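A.B. asks:
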Amino acid sequence: MSSLVLYVACVLIWGSTWLAITFQLGQVPPAVSVAYRFALAAAMLLTYCALRGLTMRFSGRDHGWMALTGFLLFGANYVLVYLSESHISSGLTAVVFSSMVFWNIFGMRYFYATPLRPASLVGATLGVLGVAMVFAPELKLFSTGDAGLRGLGYGILGSVSASLGNLTATRNQRHGLPVVQQNAYGMLYGALLVTLFALVTGQAFVFERSTPYLLSLAYLALFGSVLAFGGYLTLLGRIGADRAGYIAVAIPIVAVALSTLFEGFRWHPATLMGTALCVLGNVLVLRKAKG
12 MSSLVLYVAC VLIWGSTWLA ITFQLGQVPP AVSVAYRFAL AAAMLLTYCA
62 LRGLTMRFSG RDHGWMALTG FLLFGANYVL VYLSESHISS GLTAVVFSSM
112 VFWNIFGMRY FYATPLRPAS LVGATLGVLG VAMVFAPELK LFSTGDAGLR
162 GLGYGILGSV SASLGNLTAT RNQRHGLPVV QQNAYGMLYG ALLVTLFALV
212 TGQAFVFERS TPYLLSLAYL ALFGSVLAFG GYLTLLGRIG ADRAGYIAVA
262 IPIVAVALST LFEGFRWHPA TLMGTALCVL GNVLVLRKAK G
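Numbers given in this note's numbering equal positions in the sequence shown, counted from 1, plus 11.
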């Protein structure tokens, strides 16, 4: 697939996972559902690797880097986002998380000496502003009390964790670690981390057998994890984390569109303006990333 097709596929899949996650909320604690999701995704990938006869033997150093990627990208990232949303609105969390585009840009510059492109900086700024405008009504409800600041801190740490996960995944690819095997082990390590977090925090490992829960779990594992992260890490290797990370800005726009269709979300003028800014930012960031 071309880079543009992979980019659009990741945006559409991850934009839809926001809706799928709503079917995960209920009997099962959020962190436990995340552990189930990545454990299932890891099982799928490990099975695929076995059937295809892909090499699964790597050095201890390689496993250390894959574990770090799993810790940052599939573990801490998701736990921190859930903690953030338990204190502040999902809209504000989306705005804070979209700041990952800046961490990626400066991280690529610091660790890999990637030149700073003015178009990327302008596009990132427009994108984050656009997401903020889309969720403007929710942002007005933000409180600077202890809970609000704690949620804001969790959101920032989540975006930093995701960005560092992007950068370690980039490092792994540059050292020859295949995307599929890297994701298989990374998701396994991430699932173990989230499982440990859930146990330490006393979350019950219950399982819901309802059709909506099972179908949404399968969708999140196969499409939201196996396929989307496979495409995303491929993008990291092709166009760099500074451009691929702009997906964090585009995802909320798809989520809002789906919310309009299925949850009755009502658009306002700021929604239209914010969407336009996000689209413009996408053009600026990706116009030289087709391939």
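Backbone N, C-alpha and C fix where the C-beta goes; we use that ideal spot for every residue, glycine too. All of these numbers come straight from a predicted model, not from anything done at the bench.
For the 8 Å Cβ check, are there 3 or more pairs between the stretch 43-61 and the stretch 187-207?
C.D. replies: Contact between the stretch 43-61 and the stretch 187-207 is present, because at least three Cβ pairs lie under 8 Å.
A.B. asks: By Cβ distance below 7 Å, which residues in the same chain neighbour Val217 in space, the five residues on each side in sequence not counted?
C.D. replies: Within the same chain, Val217 has close Cβ partners Gln38, Val39.
A.B. asks: Please classify Leu178: is it buried, with 16 or more other beta-carbons within 10 angstroms of its beta-carbon, or exposed?
C.D. replies: With 16 or more other Cβ atoms within 10 Å, it is buried.
A.B. asks: Return the chain-ordered list of same chain residues with a C-beta closer than 7 Å to the C-beta of Ala53, the five sequence neighbours on each side being excluded.
C.D. replies: Closer than 7 Å at the Cβ level, and outside the excluded window around Ala53, lie Ala195, Met198, Leu199, Ala202.
A.B. asks: Quick one: is Glu96 buried, meaning 16 or more other Cβ sit within 10 Å of its Cβ, or exposed?
C.D. replies: Glu96 comes out buried.
A.B. asks: Report the start-end ranges of each beta strand (DSSP E) in the stretch 40-114 that is 3 residues or longer and not cut off at the edges.
C.D. replies: Fully enclosed beta strand (DSSP E) runs of 3 or longer: not present.
A.B. asks: Which residue wins for smallest C-alpha separation from His98, given the options Phe234, Gly86, Arg72, Glu149?
C.D. replies: For the residues Phe234, Gly86, Arg72, Glu149, the minimum Cα distance to His98 belongs to Glu149.
A.B. asks: Who are the Cβ neighbours of Ala180 in its own chain at under 6 Å, not counting the five residues just before and after it?
C.D. replies: Thr80, Leu244, Leu247, listed in sequence order.
A.B. asks: Whole alpha helix (DSSP H) runs in the stretch 235-266 with 4 or more residues, listed along the chain?
C.D. replies: Segments of the alpha helix (DSSP H) lying fully in the stretch 235-266: 239-250, 252-255.
A.B. asks: Could you give the first and the last residue of the continuous alpha helix (DSSP H) run that contains Met284?
C.D. replies: 280-297 is the span of the alpha helix (DSSP H), which, as asked, contains Met284.
A.B. asks: Suppose you measure from the CA of Pro41 to the CA of Gln35; what does that come to, to the nearest Å?
C.D. replies: Taking the straight line joining both Cα atoms gives about 7 Å.
A.B. asks: Measuring CB to CB, does Gly141 end up less than 9 Å from Ile264?
C.D. replies: Cβ atoms of Gly141 and Ile264: closer than 9 Å.
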